[in-house]
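Colleague: Take the sequence shown: its position 288, counting from 1, is numbered 315 in our numbering, and each next residue is one higher. A virtual CB, placed ideally from N, CA and C, is assigned to each residue, including glycine.
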Amino acid sequence: MTSIGTTAQTLTILLTGRQGQIGWELCRSLAPLGKVIALDYPQIDYAHPESLRSLLREIRPDIIVNAAAFTAVDKAQEEKARAMTINAEAVDVLAREARRLNSLVVHYSTDYVFDGTKPGPYGEDDAPCPLNAYGASKLAGDINLRESGCACLIFRTSWVYGTRGNNFLLTMLKLGRERDNLRVIDDQIGAPTWSRLVAQTSALALAKLIASREKGWDESCLGIYNMTSAGSTSWYGFAREIFQKAAAAGLCPSPGIQAIASEDYPLPAARPRNSCLNNDKLFNVFGLALPSWEAALSLCMDELPCMTP
């Protein structure tokens with residue numbers, strides 16, 4: 028175990044990627060746990076990994092919550108080297124500095140580390156096999172983090188959406204106001220997951236580790252965890268649920284939606300057909316479970332009327 032010499036009141040938490048969907052929510056969820064230093068580009072630049080060393084040595088955080096990443100899946104196919112630098116090389120520098128500082132790292136990964144050929148939900152111990160450059164870069168980051176020997180929590184999530192940023196929910200609402208008919212892929216299955224619930228659940232898990240840290244970070248609680256909403260649907264099913272709720276709330280009219288195959292909407296980066304993750308480990312270790320994707324979507328969309336023109 029790693030020895031910790033701080034109290035809950037004096038914990039310093041470095042949050043990276045504060046402007047991202049999960050990072051923005053983490054700014055709020057982490058606030059009760061310690062002093063949060065939330066940074067984003069240009070204050071912190073993952074495209075130049077070596078610059079992280081001096082920053083980390085200056086801040087000397089007790090906990091590093093890494094929500095920064097190159098997340099543009101299709102763009103990563105064109106900028107593979109940049110995606111690898113940000114998602115893997117920078118994480119390696121961060122992890123090695125964390126080990127030197129005896130810091131805990133909380134890191135976010137993705138369902139895209141898997142190829143989607145498994146007939147059921149993926150567990151944490153299933154062998155990764157990414158189909159695209161984004162997934163490969165995130166997997167490399169996961170490996171670098173674990174091989175560094177630092178204390179870490181890796182949360183794998185999927186199909187993240189929220190009330191800000193670029194995501195499927197906001198894209199559908201925008202298109203629903205602009206078009207009468209939409210074509211949406213129906214042969215990729217996963218669990219839409221609200222960014223706020225990822226942040227809140229992360230904070231709850233972290234609080235448990237902090238509460239027992241007098242003897243060091245509890246190694247039995249460290250490692251990889253899946254963290255997604257319960258249940259599953261396709262992108263088409265997700266879109267239908269969005270528009271049903273949006274129409275009821277008066278956010279936008281409900282357009283016609285046509286279910287299509289992945290081949291009918293080719294993209295630069297291949298996506299796994301099955302993105303479902305098994306969340307049993309998260310419940311068994313931390314006693315935490317996200318609600319169904321439908322319930323979470325309702326909670327999220329309750330906040331949209333005041334934010335939508």
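Pop quiz: A276 and M199 are said to be a contact at Cβ under 8 Å. What is the actual Cβ separation, rounded to whole angstroms?
Modeller: 14 Å between Cβ atoms; not a contact.
Colleague: Per DSSP, what are the beta-bridge partners of G283 in this structure?
Modeller: N208
Colleague: What would DSSP say about L236, mapped onto helix, strand or coil?
Modeller: helix
Colleague: Taking a contact to mean a Cβ-Cβ separation below 8 Å, would you say R191 touches L304 in this structure?
Modeller: no
Colleague: For my contact list, A115 and N171 are in at a C-beta cut-off of 8 Å; report their separation, rounded to the angstrom.
Modeller: A Cβ-Cβ distance of about 6 Å is found for the pair A115 and N171, placing them in contact under the 8 Å criterion.
Colleague: Could you check how far apart the C-beta atoms of L42 and L53 are, in whole angstroms? I think they sit under 8 Å.
Modeller: 6 Å
Colleague: Verify whether the separation of the beta carbon atoms of R87 and L128 is less than 8 Å.
Modeller: A contact, by the Cβ cut-off of 8 Å.
Colleague: Within the continuous beta strand (DSSP E) that includes V133, where are the two ends?
Modeller: L131 to T137
Colleague: So does the region 140–151 actually touch the region 117–127, counting three or more Cβ pairs closer than 8 Å?
Modeller: Short answer: they don't touch.
Colleague: Could you tell me whether the region 104–121 touches the region 161–177, where touching means 3 or more Cβ pairs closer than 8 Å?
Modeller: yes
Colleague: Once you ignore the five residues that flank R80 on each side, which residues in its own chain have a CB closer than 7 Å to its CB?
Modeller: V120 and E124
Colleague: Taking 6 Å as the limit between beta carbons, can you name the residues of its chain near L83, skipping five residues before and five after?
Modeller: E124
Colleague: Whole beta strand (DSSP E) runs in the region 123–188 with 3 or more residues, listed along the chain?
Modeller: Here the runs fully enclosed are 131–137 and 178–184.
Colleague: Whole angstroms is fine: what's the gap from L331's alpha carbon to N306's?
Modeller: 28 Å
Colleague: Could you tell me how far apart the beta carbons of Y263 and A297 are, in whole angstroms, since I believe they sit closer than 8 Å?
Modeller: No, Y263 and A297 are not in contact; Cβ-Cβ is about 18 Å, not under 8 Å.
Colleague: When the Cα atoms are used, what is the spatial distance from I64 to A232?
Modeller: 19 Å
Colleague: According to DSSP, is W320 helix, strand or coil?
Modeller: helix
Colleague: Thinking C-beta only, is A226 closer than 8 Å to I49?
Modeller: yes
Colleague: Please state if the CB of G258 and the CB of E205 are separated by a distance shorter than 8 Å.
Modeller: no
Colleague: Please say whether S289 and D214 have beta carbons closer to each other than 8 Å?
Modeller: yes
Colleague: Indicate the three-state DSSP secondary structure (helix, strand or coil) for L121 in the structure shown.
Modeller: helix
Colleague: Give me the Cα-Cα distance between W221 and I212, rounded to the nearest whole angstrom.
Modeller: 20 Å
Colleague: N208 and P282 look like a contact to me (Cβ under 8 Å); what is the Cβ gap, rounded to whole Å?
Modeller: 6 Å
Colleague: Mind checking which residues open and close the alpha helix (DSSP H) that includes K414?
Modeller: Lying outside 28 to 336, the shown extent of the chain, residue 414 is not represented and no answer is given.
Colleague: Within the same chain, show all residues whose beta-carbon is closer than 8 Å to that of S325, passing over the 5 residues directly before and after it, in chain order.
Modeller: K272
Colleague: Assuming Y263 is part of the alpha helix (DSSP H), what are its boundary residues?
Modeller: W262 to A276
Colleague: When burial is assigned at 16 or more other CB atoms within 10 Å of the CB, is T98 buried or exposed?
Modeller: buried
Colleague: Leaving out five residues on either side along the sequence, give the residues of the same chain with a beta carbon under 6 Å from the beta carbon of P295.
Modeller: Correct list, in chain order: D101 and Q104.
Colleague: Could you check whether N301 and K145 sit closer than 8 Å to each other, using their CB atoms as the reference points?
Modeller: Yes; because the gap between Cβ atoms is below 8 Å, this pair is in contact.
Colleague: Report the option in C248, I216, A110 and E241 whose CA atom is closest to the CA atom of S229.
Modeller: C248
Colleague: Suppose you measure from the CA of Y135 to the CA of C179; what does that come to, to the nearest Å?
Modeller: 11 Å
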